[in-house]
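Chains as they are written, first to last, in the numbering used here: chain R, 2 to 269; chain B, 1016 to 1354.
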């Protein structure tokens, strides 16, 4: 299982850097930057951390569906280049634009290929070929530059579950999502997509009250819906606990109990 | 390598920004993209160490060379590795973005950087860029007016966002009377194109003042390269002109791509070639002095030509920092920072 630390949203780069360094020191896989009213464009924060935070994945939440997906795709490509291919885009259905979410994901992903394309959706058409743009000669366009990743990692979140799973994308569930229902949703997607569903990340937001409870919960999540990613809220202290007390205990299907006793003795 | 003069550099370099980091990988000058973005951060660190005011980027989209379509996102990389250097756009195509998203993007960058954003905005001119985003080019003026309403309102917290005080400085790009009128009536700074001669800069400033008690900053872009050897300077100038022909070729001149309007393209190239300053430190300084004496407060020196290697670029940064300030100190020091 892979673990991301989700610090409180902030534009204080020094504070975020300290927490990211703690995540790095704890052997975690990355950090997650949430979108909030106070930090409405965390992609900017991710790019600002580019030269400060090495090696870690940077998962970034963005609203999708309310504005032109091509414009968002350009930002994704630039930020992915700035952080050398470490971006995970967590695409949240924009409030009021849930109907457009699926089409927005399709246009976003199409634009992030390295192919010239045209896109004829019910909401967006690219190029629009508007008659007023009399000097436009193009029937196909290509987003340049291409991102650093071959295929930028995109997860759905919130109410975007079925749209994401239908497309074989990863999905980040909320902490209170019903594990059994999640399991059924993933099962249905696997049946519908066949081998194309293999490998899609199954993530859930988590909180760390105590390490033992979280380990139990993550193991249960793995059983119920194949959870293989956890996004855990917290800062430097939580990072350390995740690294030493949670991460080693959720990597394998089972651990020899002697090993856990050894770790406990070493910890003392 | 000589460093900037301790007594004169800080004040002169406070009025000099470096441009343009466009992040292109051109046919004759290909670059690895990941390395190029990493180099942006490294160049920004050097620019800050040398004492420059700012580093500037620009925006275009859907062109083969990968010209950066999201310059604020690229500049965020600079914010993370510098502490004093400002980040500018000359220009960002405000008409091609949702103004609320643009306002929030600039606000987050401004807060991440501690208030170091100079948001130069322009209309844009390529139909394909508008068309890709489902926008009409003929509505760009209205969209610019809307952006100029929305940006300060969002930054002031009028739409529920946390206020940014004072928020990014807005610089209006362009030299058309309407652009200057917008800048003057909205209290923006201006960033004038690199083709303007000193008397044309003066005329633009007169136009700005004709709209009332405007007191913003006047910045001028200028293509610059310091080279002592006349033969090498001519060679660089020639390479620069040819390189620029490629860029100007996709401008719309006389209603069609300039590649298909060779006469118009050559006239444009002649203006670019004539206005560029490539020669000895004295020759370059003389040209810049004329712009400052015409009333410009700020110079955005475009030294990051895509034809130059990184080592050549960094050498130019050192040369500009050390060789121009002593030659411009007397003309720049009496001016106040406007805007």
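The C-beta atom is built at its ideal place from N, Cα and C for all residues, glycine as well.
How many Å lie between residue i and residue j at the Cα?
| i | j | result |
| --- | --- | --- |
| residue 183 (chain R) | residue 198 (chain R) | 15 Å |
| residue 1020 (chain B) | residue 1341 (chain B) | Confidence in residue 1020 (chain B) is poor, its pLDDT being 47 and thus under 50, which makes the residue's placement unreliable; the coordinate value appears in the next sentence. Those two C-alpha atoms are separated by around 7 Å. |
| residue 160 (chain R) | residue 187 (chain R) | 15 Å |
| residue 1026 (chain B) | residue 1347 (chain B) | 8 Å |
| residue 246 (chain R) | residue 219 (chain R) | 13 Å |
| residue 1199 (chain B) | residue 1159 (chain B) | 14 Å |
| residue 100 (chain R) | residue 1259 (chain B) | 45 Å |
| residue 1353 (chain B) | residue 115 (chain R) | Since pLDDT at residue 1353 (chain B) reaches only 39, below the 50 mark, its modelled position is unreliable, and the value read off the structure follows with that caveat. Whole-angstrom Cα-Cα distance: 44 Å. |
| residue 1234 (chain B) | residue 1106 (chain B) | 12 Å |
| residue 106 (chain R) | residue 195 (chain R) | 20 Å |
| residue 1244 (chain B) | residue 74 (chain R) | 46 Å |
| residue 1162 (chain B) | residue 141 (chain R) | 29 Å |
| residue 52 (chain R) | residue 1334 (chain B) | 26 Å |
| residue 1298 (chain B) | residue 1311 (chain B) | 18 Å |
| residue 1356 (chain B) | residue 152 (chain R) | Residue 1356 (chain B) cannot be examined here, being either before or after the span of chain B that is shown, 1016 to 1354. |
In chain R, which residues lie less than 8 Å from residue i when you measure between Cβ atoms?
| i | result |
| --- | --- |
| residue 1073 (chain B) | Residues of chain R passing the Cβ test: none, with the nearest at roughly 13 Å. |
| residue 1087 (chain B) | 45 |
| residue 1175 (chain B) | 38 |
| residue 1112 (chain B) | 72 |
| residue 1049 (chain B) | 82, 85, 86 and 149 |
Does residue i get closer than 7 Å to chain B when you measure Cβ to Cβ?
| i | result |
| --- | --- |
| residue 62 (chain R) | no |
| residue 119 (chain R) | no |
| residue 159 (chain R) | no |
| residue 97 (chain R) | no |
| residue 82 (chain R) | yes |
| residue 227 (chain R) | no |
| residue 191 (chain R) | no |
| residue 131 (chain R) | yes |
| residue 48 (chain R) | yes |
| residue 68 (chain R) | yes |
Mind pulling the chain R residues with CB within less than 9 Å of residue i?
| i | result |
| --- | --- |
| residue 1079 (chain B) | 143 and 145 |
Taking 7 Å as the threshold (C-beta atoms), are residue j and residue i in contact?
| i | j | result |
| --- | --- | --- |
| residue 1085 (chain B) | residue 76 (chain R) | yes |
| residue 23 (chain R) | residue 240 (chain R) | yes |
| residue 57 (chain R) | residue 88 (chain R) | no |
| residue 1319 (chain B) | residue 1328 (chain B) | yes |
| residue 1126 (chain B) | residue 1102 (chain B) | no |
| residue 1251 (chain B) | residue 1261 (chain B) | no |
| residue 1317 (chain B) | residue 1236 (chain B) | yes |
| residue 158 (chain R) | residue 91 (chain R) | yes |
| residue 1037 (chain B) | residue 1082 (chain B) | yes |
| residue 1077 (chain B) | residue 1143 (chain B) | yes |
| residue 1218 (chain B) | residue 1309 (chain B) | no |
| residue 253 (chain R) | residue 233 (chain R) | no |
Between residue i and chain R, is there a C-beta pair that is closer than 7 Å?
| i | result |
| --- | --- |
| residue 1146 (chain B) | yes |
| residue 1124 (chain B) | yes |
| residue 1056 (chain B) | yes |
| residue 1182 (chain B) | no |
| residue 1345 (chain B) | no |
| residue 1030 (chain B) | no |
| residue 1084 (chain B) | yes |
| residue 1020 (chain B) | Note that residue 1020 (chain B) scores a pLDDT of 47, beneath 50, so its modelled location is shaky and nothing firm can be said. |
Under DSSP, the alpha helix (DSSP H) around residue i begins and ends at which residues?
| i | result |
| --- | --- |
| residue 102 (chain R) | 102-112 |
| residue 1293 (chain B) | Taken as a continuous stretch (DSSP letters only), residue 1293 (chain B) belongs to no alpha helix (DSSP H), being part of the beta strand (DSSP E) at 1292-1294. |
| residue 1315 (chain B) | Unbroken run through residue 1315 (chain B) is the beta strand (DSSP E), 1313-1317; no alpha helix (DSSP H). |
| residue 1252 (chain B) | 1245-1263 |
| residue 1116 (chain B) | 1114-1127 |
| residue 93 (chain R) | Counting along the chain, residue 93 (chain R) falls outside any alpha helix (DSSP H), though it belongs to the beta strand (DSSP E) covering 88-94. |
| residue 72 (chain R) | 70-83 |
| residue 199 (chain R) | First-last for residue 199 (chain R): undefined, no H or E at that position. |
Name the chain R residues whose beta carbon is nearer than 7 Å to that of residue i?
| i | result |
| --- | --- |
| residue 1237 (chain B) | Under the 7 Å cutoff, chain R gives no residues; its nearest Cβ is about 27 Å from residue 1237 (chain B). |
| residue 1052 (chain B) | 82 and 83 |
Taking residue i as part of the beta strand (DSSP E), name the residues at either end of that continuous run.
| i | result |
| --- | --- |
| residue 123 (chain R) | Run containing residue 123 (chain R): none; DSSP gives neither H nor E here. |
| residue 65 (chain R) | 58-65 |
| residue 8 (chain R) | Premise fails: residue 8 (chain R) is in no beta strand (DSSP E) and is neither H nor E. |
| residue 230 (chain R) | 230-234 |
| residue 1052 (chain B) | Here residue 1052 (chain B) belongs to no beta strand (DSSP E); instead the alpha helix (DSSP H) covers 1048-1065. |
| residue 1148 (chain B) | Neither: residue 1148 (chain B) is in no beta strand (DSSP E) and is coded neither H nor E. |
Taking C-beta pairs closer than 8 Å, name the residues in chain B that residue i reaches, listed in chain order.
| i | result |
| --- | --- |
| residue 126 (chain R) | 1149 |
| residue 8 (chain R) | Within chain B, no residue comes near residue 8 (chain R); the closest Cβ sits about 14 Å away, beyond 8 Å. |
Note down, in chain order, every chain B residue with its Cβ under 7 Å from the Cβ of residue i.
| i | result |
| --- | --- |
| residue 14 (chain R) | 1095 and 1127 |
| residue 52 (chain R) | 1056, 1092, 1095 and 1096 |
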